[in-house]
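Q:
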Amino acid sequence: MDRDRNQQKGNTSPSVDDILKGSAHVLTIFRPSAINDLKLFLKRGRPYLNCFATGRERPAKPEEIVRQLYVKMLMDDYGYPAERIAIEKPVQFGSAVHEKAADIVIWDKDDPNTAFIIIECKKPKRADGLEQLKSYCHAEGAPIGVWTNGGETIILHRQDPNFFRNLTDIPKASQTLSEVLAERWTLTNLAEHNVLVKEQTTLKKIILDMENLVLANAGVDAFEEVFKLIYAKLYDEASAAQGGKQTRYLQFRVGGATPREFKDKINQLFDAAKGKWPGVFLEGEHIDLTPEHLITCGSALENVKLFNSNLQVIDEAFEYLSVEVGKGKKGQYFTPRHDIDMCVKMLNPTLDEYVIDTAAGSCGFTVHTIFHVWGNEFTANGPASWQAEYARERVFAIDFDARSIKIAKALNLIAGDGRTNVYRANTLDPRGWPDEVKVGLRPRLARFPRDAERDRWNRENFRYFAFDVLLTNPPFAGDIKDSRILHQYELAKKPKGGKWQTKVGRDILFIERNLDFLRPGGRMAIVLPQGRFNNTSDKPIRDYIAQRARILAVVGLHGNTFKPHTGTKTSILFLQKWNEDPDAGPLCPRCEDYPIFFATSQAGGKDTSGEYVYLSDDKGRRLYDLHAHPMVDHDLFNLRAALADQRDQRLSAARTEKERAAIRAAYEAKLPFVPDRPSIADAFREWGREQGFAFCKGDVE
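Using this note's numbering, the letters of the sequence shown map in sequence onto residues 222 to 922.
(1) Determine the burial state of Thr-556: buried for a count of at least 16 other Cβ atoms within 10 Å of its Cβ, exposed for fewer.
(2) In angstroms, rounded to a whole number, what distance separates the CA positions of Ser-399 and Ala-307?
(3) Beta-carbon separation of Pro-253 and Pro-268 under 9 angstroms?
(4) Anyone know if the C-beta pair for Ile-762 and Leu-796 falls short of 9 angstroms?
(5) Based on the DSSP secondary-structure assignment, which residues constitute the bridge partners of Met-567?
(6) With a Cβ-Cβ cutoff of 9 angstroms, do Val-326 and Ala-363 count as a contact?
(7) The beta strand (DSSP E) that contains Tyr-456, what's its start and end?
(8) If you scan the region 300 to 372 from start to end, which runs of the beta strand (DSSP E) of 3 or more residues do you find wholly inside it?
(9) How many angstroms separate the CA atom of Pro-570 from the CA atom of Val-690?
(10) Measuring alpha carbon to alpha carbon, tell me which of Gln-768, Arg-744, Arg-771, Gly-777 ends up nearest Gly-752.
(11) DSSP state of Ala-865, grouped into three classes?
(12) Can you find the residues in the same chain that come closer than 7 angstroms, C-beta to C-beta, to Lys-310, ignoring five residues on each side of it along the sequence?
(13) Using the C-alpha atoms, what's the distance from Asn-410 back to Pro-604?
(14) Let me make sure I understand the geometry here. Which of Asn-682, Ser-606, Phe-586 has the alpha-carbon closest to that of Val-643?
(15) Apart from the five residues on each side of it in sequence, which residues of its chain come closer than 7 angstroms, Cβ to Cβ, to Lys-276?
(16) Could I get the ranges of all uninterrupted beta strand (DSSP E) runs contained in the region 228 to 265, with 3 residues as the minimum, in chain order?
(17) Which residue or residues does DSSP assign as beta-bridge partners of Lys-798?
(18) Can you list, in chain order, the residues of its chain with a C-beta nearer than 7 angstroms to that of Tyr-815? Leave out the 5 residues immediately preceding and following it.
(19) Helix, strand or coil: how does DSSP classify Trp-607 here?
(20) Going along the chain, which residues of its own chain have a beta-carbon closer than 6 angstroms to the beta-carbon of Ala-863, five neighbours each way excluded?
(21) Pro-655: buried (16+ other C-beta within 10 angstroms of its C-beta) or exposed?
(22) So, under 8 angstroms CB-CB, Glu-458 and Thr-422 are touching, yes? Tell me the CB distance rounded to an integer number of Å.
(23) Can you tell me whether Thr-389 is buried or exposed? The criterion is at least 16 other CB atoms within 10 Å of its CB, across all chains shown.
(24) Specify, as a first and last residue, the run of the alpha helix (DSSP H) that Ala-403 falls within.
(25) Looking at C-alpha atoms only, which residue of Asp-578, Asp-430, His-786, Gly-743 is the closest neighbour of Glu-832?
(26) Roughly how far, in whole angstroms, is the beta-carbon of Phe-621 from the beta-carbon of Pro-651, given that I think they are within contact range, below 8 angstroms?
(27) Quick one: what does DSSP say Glu-545 is sitting in, helix, strand or coil?
(28) For Gln-289, which option in Glu-878, Ser-625, Thr-369 has the closest C-alpha, if you only look at C-alpha atoms?
(29) Quick check: the Cα distance between Glu-911 and Ala-904, rounded to an integer number of angstroms?
(30) Would you check if there are 3 or more beta carbon pairs closer than 8 angstroms linking the region 418 to 434 to the region 509 to 523?
(31) Taking Ala-915 as the reference, which of Gly-743, Ser-234, Leu-632, Met-296 has the closest Cα?
(32) Can you tell me whether DSSP reads Phe-914 as helix, strand or coil?
(33) Judging by CA-CA distance, which residue of Val-418, Asp-442, Gly-806, Asp-856 is the nearest neighbour of Ala-849?
(34) So if DSSP puts Lys-827 in a beta bridge, which residue, or which two residues, is it bridged to?
(35) Is it the case that the region 624 to 632 contacts the region 479 to 487, given that we only count it when at least three CB pairs across the two stretches are under 8 angstroms?
(36) Classify Pro-899: buried if its beta carbon has 16 or more other beta carbons within 10 angstroms, exposed otherwise.
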């Protein structure tokens with residue numbers, strides 16, 4: 222308060238945060254030291270600063286803060302001298318001078334009267350101005366345009382009056398544009414310039430930019446085309462990582478290629494990806510974008526590093542692309558990956574157990590189960606033989622949505638090194654399963670050696686299975702009205718009289734169906750609407766569950782978990798199927814009275830608009846873990862323990878003491894900003910060990 226009073230008297234200079242009103246933390250493209258170098262002062266009661274290029278005093282408005290920081294970056298990082306930098310240069314349109322001016326112009330080094338780069342600066346969080354920048358580049362004939370708001374940057378190369386493509390970076394003062402276009406990148410270069418970390422953006426945001434630039438008017442299926450490009454780029458990164466001692470340069474780069482040359486190169490990558498990871502695309506499928514549209518999309522994606530330890534980068538993009546036209550209309554949404562990790566940690570699948578998701582979506586549950594068994598790391602180097610064998614032999618998934626199956630197959634194929642057990646089928650109606658599904662799932666059918674008739678019936682009808690672990694988030698919306706499906710389920714009968722109902726909630730049938738997928742002693746986690754736990758009318762469902770399984774836990778998810786798609790309150794039910802026969806499966810003796818673990822998430826990792834809430838450092842910048850993922854702020858599992866696991870993994874893989882020292886330093890630098898709060902998964906595992914649950918023994922992580 223004293224500081225505010227002194228500032229009103231003119232005795233104290235304002236800070237950058239004062240001017241930006243708390244949004245200084247979004248200036249992520251600039252170094253903190255550069256922000257500290259801004260010298261603000263009061264003049265006639267208003268904040269001013271001195272321009273780094275001209276020395277002139279300028280009103281320190283939010284947009285000016287961004288401009289001056291960019292000017293400083295041009296001078297310090299790119300080596301541009303002050304004489305090549307113009308501020309507020311009037312733009313010439315034909316014979317007339319436009320009333321507006323370009324924020325920053327870099328003059329050509331060989332022609333001081335010709336614009337080389339035009340930069341349009343906006344105040345933090347503002348998103349307009351891209352078309353204005355293009356018009357300035359057209360008018361001045363500048364080959365490069367830069368748009369920035371201090372947190373995001375779009376760099377465009379104007380190749381002709383009607384065509385712009387993205388650039389990874391602008392040339393340094395000593396470089397030509399041709400030299401930048403001709404640069405060849407390795408995975409190391411990609412990691413250093415990864416725009417997701419460098420600008421703290423998301424693949425979803427990049428795809429939105431691609432839609433605005435190209436996809437909305439390209440006359441193609443945006444999901445299909447982006448999926449093909451990501452498939453090709455994943456292959457390119459994997460091939461570069463698996464090149465052995467010989468350095469392999471990335472091919473998914475525009476460089477100086479013409480649109481036709483670039484399309485030919487990407488189609489070659491796409492064909493090679495289909496060969497390595499088959500079964501996702503049809504024979505003869507190719508990229509349908511025009512060469513001009515493709516080069517714009519390719520240049521937007523080329524500096525995105527897709528491979529990381531959990532593929533959340535890709536999941537988020539596919540969720541955005543597919544929910545509105547796909548699963549969202551049926552009441553199923555991609556489960557946030559930290560919620561999935563909580564479930565996996567609580568049920569703790571092991572290397573010798575068979576796992577399935579019967580409403581798999583993009584296979585988040587199965588992919589994260591694979592990561593868990595592998596040791597929670599996934600890289601472009603590809604799996605070791607034992608890892609690939611586990612992924613392709615022990616992990617299964619079913620979903621009916623064609624687009625989700627494409628995503629799921631792709632992720633599981635990569636994990637399984639070319640093979641997967643992901644099937645497209647209606648889980649609730651096995652009578653209509655295609656032969657491929659029956660052949661793939663037949664080995665996991667439950668056998669009844671003492672009842673030959675029941676065993677024969679089951680092998681014909683695919684009703685009962687012998688999976689050890691099932692994790693799923695079935696669709697909520699819509700009722701099943703098909704009597705041929707309803708008559709297969711006990712929960713489709715009326716509580717009194719036993720007659721069949723005319724319609725039943727889809728998730729209710731999934732409860733019964735999923736229990737049939739588990740062997741005796743098998744474990745399950747299923748996401749359900751909260752009403753199933755509370756409504757008096759749903760008591761028969763709860764009774765049915767209690768008859769067939771022990772209720773291990775009920776975890777109430779935060780109300781923002783599935784926003785922005787739905788605000789439906791949900792909980793996760795954890796079960797273990799009753800079993801008193803040690804030869805049939807893990808023991809879970811039937812009992813009438815037993816404790817149940819209850820918990821409710823207080824920090825769900827999303828805000829009311831459905832955006833992820835990330836941890837941040839003392840400068841307000843997003844905090845990244847040791848695998849370069851932004852860290853979501855939640856209480857589902859212990860974040861400090863997860864960070865320590867990453868440290869230990871990286872230390873075990875490090876080859877020199879210098880590398881190990883850098884890993885320890887990075888860990889120690891992040892630790893003060895990671896909360897050490899009680900978490901649900903860790904509390905459950907400790908409680909489960911006290912209860913004697915075999916799957917809770919050993920380390921929590």
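Virtual Cβ for every residue (Gly too), placed ideally from N, Cα, C.
A: Walking through what the data contain:
(1) buried
(2) 23 angstroms
(3) no
(4) no
(5) Partner(s): none; Met-567 has no beta bridge.
(6) yes
(7) Counting along the chain, Tyr-456 falls outside any beta strand (DSSP E), though it belongs to the alpha helix (DSSP H) covering 443 to 462.
(8) 306 to 314, 317 to 328, 336 to 342, 365 to 369
(9) 7 angstroms
(10) Gly-777
(11) helix
(12) Ala-322, Ala-323, Val-326
(13) 23 angstroms
(14) Phe-586
(15) Sequence inspection shows Gly at residue 276; the Lys mentioned does not correspond to that position. Within the same chain, Gly-276 has no close Cβ partners at all.
(16) 261 to 264
(17) Ala-770
(18) Arg-771
(19) helix
(20) none
(21) exposed
(22) About 18 angstroms separates the two Cβ atoms, so there is no contact after all.
(23) buried
(24) 398 to 403
(25) His-786
(26) Actually they do not touch by this definition, with Cβ atoms about 12 angstroms apart.
(27) Residue confidence for Glu-545 is low, a pLDDT of 45 falling below 50, so the modelled location carries little weight and cannot support an answer.
(28) Thr-369
(29) 11 angstroms
(30) yes
(31) Gly-743
(32) coil
(33) Val-418
(34) Tyr-833
(35) no
(36) exposed
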